[in-house]
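Colleague: One structure, pasted below without further comment.
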Amino acid sequence: MTVRARPSASAGLGQPAPAAELPVARVWVDVPLSHLDRPFDYLVPESMAADAVPGCRVRVRFAGRQVHGLLLDRLAESDHDGRLEFLGRVVSPEPVLSAEVATLARAVADRYAGLMVDVLRLAVPPRHAKVEAEPPGAPPPPPPRPGTAGWARYPRGTAFLDAVAAGRPAHAVWQAAPGEDWPRLLAEAAATAASAGRGALIVLPDYRDVERVHAACTALVGETAAVALTADLGPARRYRRWLAVRRGIGRVVVGTRAAMFAPVADPGLLVVWDDGDDLHAEQRAPYPHVREVLIQRAHATGAALLCAGLARTSEAQLLVDSGWAHEIVAGRPVVRQAAPRITAIGDDAWEQARDQAARSARLPLVAVDAAREALADGAPVLVQVPRGGYVPALACGQCRTRARCRRCAGPLALPAGEVRDGDPRPPACRWCGVVETSFVCPACGSRRLRAVVVGAARTAEELGRAFPGVPVRTSGAAGGGGGPDAADAAVLSSVPARRALVVCTPGAEPVAEGGYGAALLLDGWAMLARLDLRATEETYRRWLTAAALVRPAAAGGRVVVVADSALAPVQALIRWDPAWHAAVELAARTELGFPPAVRMAALDGTPAAIADLLGAARLPPTAELLGPVPAGDGERMLVRVPRADGRALASALAAAQAVRTARKAADPVRVQLDATP
DNA sequence: GCAATGAGCGTC
DNA sequence: ACGCTCATTGCT
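Residue numbering for the first sequence follows numbering that gives the first Met the number 0, starting at 0 and increasing by one per position.
Below, the structure is given as structure tokens:
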């Protein structure tokens with residue numbers, strides 16, 4: 000390192016003296032360019048020596064302009080052999096970036112072929128000076144170890160909590176039993192970590208879940224130690240709570256997606272609940288997923304990890320299969336005792352209800368009977384309908400098996416656009432673009448295709464007619480009669496234990512006091528026919544979410560699902576066997592070469608930009624290119640590699656992005672790993 | 001032969 | 001968005 004005075008510009012003002020101790024500051028500058036995705040060294044003037052602590056926010060001069068930065072570390076010397084600039088100023092001595100989160104941000108950026116600045120923007124909230132000036136509270140003492148009776152119902156449940164109490168890095172995949180008070184069990188796990196003097200972090204899909212779990216945690220560890228972090232707080236409240244966590248006062252953090260980066264001090268337990276919910280996938284670059292970030296954190300910190308839910312994702316199944324995590328699943332007797340009675344009715348084989356009103360509501364007789372019984376009992380009935388709107392998809396005209404591409408097994412769809420001379424355009428693969436002119440169903444040999452269309456959610460009105468005199472309540476997009484796209488209709492948190500029909504879209508199911516008497520899961524075949532990769536898994540997850548809110552069979556609880564009982568997700572629902580379903584789903588994806596059995600990157604941009612990026616990328620030799628397919632303004636290419644080459648794929652794409660930004664290439668390419676095609 | 005001016009580029 | 005380099009220009 001050479002320390003030279005800056006010439007002319009500030010010569011007259013005199014040079015500040017560098018700090019006597021550790022005069023070099025390693026700074027991460029807020030410049031979102033791939034080829035600058037590394038730290039830069041600055042000199043600390045003696046006047047800032049005390050404030051310029053690792054983790055603090057700074058302003059520095061970078062390529063002539065003032066930019067924000069985060070000070071990563073103080074060093075005795077730099078390995079940069081040019082001249083060093085002095086720090087502009089220390090914005091605040093608050094060490095907002097912990098060493099753990101800094102390491103995590105680098106690892107997450109690398110995994111997703113993204114920039115560390117982008118991850119840091121997700122991890123460190125904007126400063127709120129007034130809040131920062133408030134006197135910090137004192138950290139409460141660790142709570143006593145809670146009772147964990149709820150976990151004793153599960154084989155290895157108590158063993159997992161013992162490991163958490165002992166500070167061992169246990170990893171588990173947990174499927175909660177039907178009707179389980181899972182917020183209580185998550186709180187017990189978090190309080191166990193807290194009782195050992197460690198932090199805990201629980202990430203859930205939406206704020207209703209956060210509220211329930213936070214309430215349960217508060218009961219066990221107290222008001223001060225339990226912190227809820229959700230996106231709907233204003234900037235001040237959000238920063239106040241976040242700072243309390245960073246300062247080690249809030250030890251048990253319960254939050255939605257962005258909380259995955261919460262700077263919990265000395266984390267002993269990391270939990271993701273319902274990891275199949277797509278709310279866990281961050282929508283901003285580099286598009287990290289909560290489950291993957293927490294796995295990364297568990298690796299780096301030695302914290303225990305719990306990947307939990309009613310259903311099990313293919314990704315969680317992979318954790319079990321690889322031996323990285325062990326499973327925590329209730330035994331059959333526990334499940335049988337807790338589950339409602341579940342009946343499947345194929346949608347073309349049902350016995351129509353006798354009365355016209357029920358017929359028009361598209362309800363099979365069994366469903367009508369189940370609902371009437373529950374209502375007669377004074378219990379609410381849950382009616383789950385798929386989201387409104389239309390989804391263009393193709394299925395076999397005879398057996399309704401979804402139509403897939405022969406080359407890459409991607410979903411076939413009719414391309415948008417008008418018919419030409421009265422002839423419809425032929426179907427094409429949404430992944431690789433191959434046109435299918437002579438479709439033959441692999442399941443039944445039929446050559447016919449049918450469009451699969453999910454109709455608007457008109458169920459609420461029809462149900463009102465089918466069950467005269469019964470109050471109908473709605474939750475989610477089904478509500479308000481606002482048509483298929485009334486997506487912002489009110490979502491109810493709970494409904495009382497009274498006779499009512501509760502019509503909801505998936506994800507908006509209110510909890511019922513004492514449980515629902517029955518649940519009707521409608522239009523299942525349409526949900527299963529959706530295009531995307533996760534359709535089967537997602538449908539099953541939604542069904543389980545609804546069915547878990549229903550009373551046990553012994554208390555009269557019934558679930559009627561309108562779908563063919565031969566289908567795997569229907570079987571898995573009837574038997575309440577999420578582990579089996581995950582194994583079947585993962586096997587199918589392995590067979591077809593789908594994630595998570597492989598790793599995929601999606602490249603979006605203009606054809607020229609994508610070609611340029613691919614030209615600059617030294618992809619692993621195993622890489623397969625699929626596409627291009629039209630996407631938005633430009634097009635999309637997919638790159639597929641075996642799992643083992645995921646890291647090589649990410650680093651190749653990051654390096655290629657760096658080449659392009661260094662060259663000031665005009666059109667950007669969006670790189671998204673693990674994108675759902 | 002050499003200052004004056006401008007475009008391009010890296011960025012501590 | 002600054003200050004560095006290196007090219008081109010224009011004048012003696």
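Using N, Cα and C, we set each Cβ at its ideal position, and we do this for glycine too.
#1: Between the segment 218-226 and the segment 141-160, do three or more beta carbon pairs fall short of 8 Å?
#2: Can you check whether the CB of alanine 261 is closer than 8 Å to the CB of leucine 200?
#3: Cβ of tryptophan 575 within 8 Å of Cβ of proline 53?
#4: Ordered along the chain, which non-local residues of its own chain (more than five positions away) have a Cβ less than 6 Å from that of arginine 211?
#5: Indicate the three-state DSSP secondary structure (helix, strand or coil) for threonine 473 in the structure shown.
#6: So valine 253 and cysteine 216 are in contact, right, with Cβ under 8 Å, and what is the actual spacing, rounded?
#7: Taking one C-beta from the segment 587-606 and one from the segment 371-380 each time, how about it: are there three or more such pairs within less than 8 Å?
#8: Please report the Cβ distance between alanine 343 and alanine 562, rounded to the nearest whole angstrom; I am assuming they are in contact, meaning their Cβ atoms lie under 8 Å.
#9: Where do the N-terminal and C-terminal ends of the beta strand (DSSP E) with serine 46 fall, by residue?
#10: Suppose only complete runs of 3+ residues qualify. What are the beta strand (DSSP E) ranges in the segment 50-78, listed by chain order?
#11: For the beta strand (DSSP E) containing threonine 718, name the first residue and the last one.
#12: Comparing alpha-carbon positions, which option in Gly614, Pro629, Ala665 lies nearest alanine 651?
#13: Taking valine 66 as the reference, give the member of Glu508, Val638, Asp29 with the closest Cα.
#14: Measure the beta-carbon distance from proline 441 to leucine 393 and round it to whole angstroms, keeping in mind my assumption that it falls under 8 Å.
#15: Beta carbon of arginine 598, beta carbon of arginine 635: below 8 Å?
#16: State the Cα-Cα distance for the pair alanine 16 and alanine 132, rounded to the nearest angstrom.
#17: Where does serine 194 sit, in a helix, a strand or coil, going by DSSP?
#18: Kindly list the residues whose CB is nearer than 6 Å to the CB of valine 319, restricted to its own chain and excluding five residues on each side of it in sequence; keep chain order.
#19: Buried or exposed for glycine 63, please, with buried defined as at least 16 other CB atoms from any protein chain shown within 10 angstroms of its CB.
#20: Looking only at its chain, what residues have a beta carbon closer than 8 Å to the beta carbon of glutamine 174, apart from the 5 residues adjacent to it on each side?
#21: Could you tell me which of Val558, Leu74, Val640, Gln336 sits nearest to glutamate 372, measuring between CA atoms?
#22: Express the C-alpha separation of proline 467 and tryptophan 150 in angstroms, rounding to a whole number.
#23: Of all the options Ala48, Ala459, Leu69, Val263, which has the alpha carbon lying nearest to the alpha carbon of alanine 302?
#24: Classify glycine 81: buried if its beta carbon has 16 or more other beta carbons within 10 angstroms, exposed otherwise.
#25: Using only CA atoms, which one of Ala489, Ala189, Ala338 lies nearest to valine 271?
#26: When you compare each of Val118, Ala545, Pro606 to aspartate 36 by their alpha carbons, which one comes out closest?
#27: So is cysteine 395 buried or exposed if we call it buried at 16+ other beta carbons inside 10 Å?
#28: By how many angstroms is the C-alpha of leucine 228 removed from the C-alpha of alanine 235?
#29: Relative to the alpha-carbon of glycine 136, which residue among Pro44, Arg245, Met259, Gln14 has its alpha-carbon at the smallest distance?
#30: Check whether the Cβ atoms of alanine 657 and serine 33 sit closer than 8 Å, and answer yes or no.
#31: Under the three-state reduction of DSSP, which class applies to tryptophan 575: helix, strand or coil?
#32: Only counting the same chain, and skipping five residues up and downstream in sequence, which positions put a Cβ closer than 7 Å to that of aspartate 50?
#33: If distances are taken between C-alpha atoms only, which option among Val100, Gly198, Arg662, Ser437 comes closest to valine 251?
#34: If we ignore side chains and look at the alpha-carbon of each, how far apart do arginine 120 and histidine 127 end up?
#35: Which word fits alanine 165, buried or exposed, when buried means at least 16 other C-beta atoms lie within 10 angstroms of its C-beta?
#36: Between which two residues does the alpha helix (DSSP H) harbouring histidine 213 extend?
Modeller: Looking at the coordinates:
#1: The segment 218-226 vs the segment 141-160: in contact.
#2: On the first sequence, residue 200 is found 201 positions in, with the first residue counted as 1. On the first sequence, residue 261 is found 262 positions in, with the first residue counted as 1. Yes, Cβ-Cβ distance for leucine 200 and alanine 261 is below 8 Å.
#3: What you label residue 575 is simply residue 576 of the first sequence in a count that begins at 1. What you label residue 53 is simply residue 54 of the first sequence in a count that begins at 1. Taking a C-beta distance under 8 Å as the contact criterion, tryptophan 575 and proline 53 do not qualify as a contact pair.
#4: Counting from one through the first sequence, the residue named residue 211 turns up at place 212. Counting only Cβ-Cβ distances below 6 Å, and skipping sequence neighbours, we find Pro182.
#5: In the first sequence, the residue the question calls residue 473 occupies position 474. If DSSP states are grouped into helix, strand and coil, threonine 473 belongs with the strands.
#6: Translated into positions along the first sequence, residue 253 becomes position 254. Translated into positions along the first sequence, residue 216 becomes position 217. Taking a contact as a CB-CB distance under 8 Å, the pair valine 253 and cysteine 216 counts as one, their CB atoms being some 6 Å apart.
#7: Contact annotation: the segment 587-606 does not touch the segment 371-380, with fewer than three C-beta pairs closer than 8 Å.
#8: The count along the first sequence starts at 1 and reaches residue 343 at position 344. The count along the first sequence starts at 1 and reaches residue 562 at position 563. By a beta-carbon distance limit of 8 Å, alanine 343 contacts alanine 562. Their separation comes to about 6 Å.
#9: Mapped onto the first sequence, residue 46 falls at position 47. No beta strand (DSSP E) holds serine 46; DSSP gives it neither H nor E.
#10: The qualifying runs are 56-61, 64-74.
#11: Residue 718 falls outside the range modelled here, since the chain spans only 0 to 676, and no answer is possible.
#12: Start at 1 with the first residue of the first sequence, and residue 651 comes out as number 652. Checking every option, the nearest Cα to that of alanine 651 belongs to Gly614.
#13: Along the first sequence, one-based indexing puts residue 66 at 67. Distances from the alpha-carbon of valine 66 to those of Glu508, Val638, Asp29 put Asp29 closest.
#14: Working through the first sequence from its first residue, we reach residue 441 at position 442. Working through the first sequence from its first residue, we reach residue 393 at position 394. Distance from proline 441 to leucine 393 at the Cβ level is roughly 14 Å; contact not present, criterion being Cβ atoms closer than 8 Å.
#15: Translated into positions along the first sequence, residue 598 becomes position 599. Translated into positions along the first sequence, residue 635 becomes position 636. In this structure, arginine 635 does not lie closer than 8 Å to arginine 598 by Cβ.
#16: Here residue 16 is taken as the residue at index 17 of the first sequence, counted from 1. Here residue 132 is taken as the residue at index 133 of the first sequence, counted from 1. If you take the alpha carbons of alanine 16 and alanine 132, they lie about 29 Å apart.
#17: Along the first sequence, one-based indexing puts residue 194 at 195. Looking at serine 194 - three-state DSSP - the assignment turns out to be helix.
#18: Here residue 319 refers to the residue found at position 320 of the first sequence. The answer, listed in chain order, is Val172, Glu326.
#19: As a position in the first sequence, residue 63 is number 64, starting the count at 1. Around the CB of glycine 63, fewer than 16 other CB atoms lie within 10 Å, so the residue is classed as exposed.
#20: For this step, residue 174 is matched to residue 175 along the first sequence. Result list for glutamine 174: Ala307, Gly308, Leu309, Ala310, Arg311, Glu326, Ile327, Val328, Ala329, Pro577, Ala578, in chain order.
#21: Within the first sequence, numbered from 1, the residue matching residue 372 stands at position 373. Looking at the Cα atoms, Val558 is the closest of the given residues.
#22: If you number the first sequence from 1, residue 150 lands on position 151. If you number the first sequence from 1, residue 467 lands on position 468. C-alpha separation (whole angstroms): 43 Å.
#23: On the first sequence, residue 302 is found 303 positions in, with the first residue counted as 1. Nearest of Ala48, Ala459, Leu69, Val263 to alanine 302, Cα basis: Val263.
#24: Translated into the one-based positions of the first sequence, residue 81 becomes position 82. Here glycine 81 is exposed. Its C-beta has fewer than 16 other C-beta atoms within 10 Å.
#25: By one-based count along the first sequence, residue 271 stands at place 272. The shortest C-alpha to C-alpha distance from valine 271 to any of Ala489, Ala189, Ala338 is the one to Ala189.
#26: The count along the first sequence starts at 1 and reaches residue 36 at position 37. Of Val118, Ala545, Pro606, the smallest CA-CA separation from aspartate 36 is found for Val118.
#27: Walking along the first sequence from the start, residue 395 turns up at place 396. Flag for cysteine 395 reads buried.
#28: The count along the first sequence starts at 1 and reaches residue 235 at position 236. The count along the first sequence starts at 1 and reaches residue 228 at position 229. If you take the alpha carbons of alanine 235 and leucine 228, they lie about 12 Å apart.
#29: As a working note, residue 136 is residue 137 in the first sequence. Just measuring C-alpha positions, the residue of Pro44, Arg245, Met259, Gln14 sitting nearest glycine 136 is Arg245.
#30: Taking the first sequence and counting its residues from 1, one reaches residue 657 at position 658. Taking the first sequence and counting its residues from 1, one reaches residue 33 at position 34. Yes; because the gap between Cβ atoms is below 8 Å, this pair is in contact.
#31: Counting from 1 along the first sequence, the entry for residue 575 is found at position 576. Three-state DSSP puts tryptophan 575 in coil, outside helix and strand.
#32: Mapped onto the first sequence, residue 50 falls at position 51. For aspartate 50, where only same-chain residues beyond five positions count, the Cβ hits under 7 Å are Val89, Pro92.
#33: Here residue 251 refers to the residue found at position 252 of the first sequence. The residue from Val100, Gly198, Arg662, Ser437 with its alpha-carbon nearest to that of valine 251 is Gly198.
#34: On the first sequence, residue 120 is found 121 positions in, with the first residue counted as 1. On the first sequence, residue 127 is found 128 positions in, with the first residue counted as 1. About 15 Å.
#35: Numbered from 1 along the first sequence, position 166 holds the residue referred to as residue 165. Classification of alanine 165: exposed, given that the 10 Å Cβ count is below 16.
#36: Counting from 1 along the first sequence, the entry for residue 213 is found at position 214. Note, histidine 213: alpha helix (DSSP H), 206-220.
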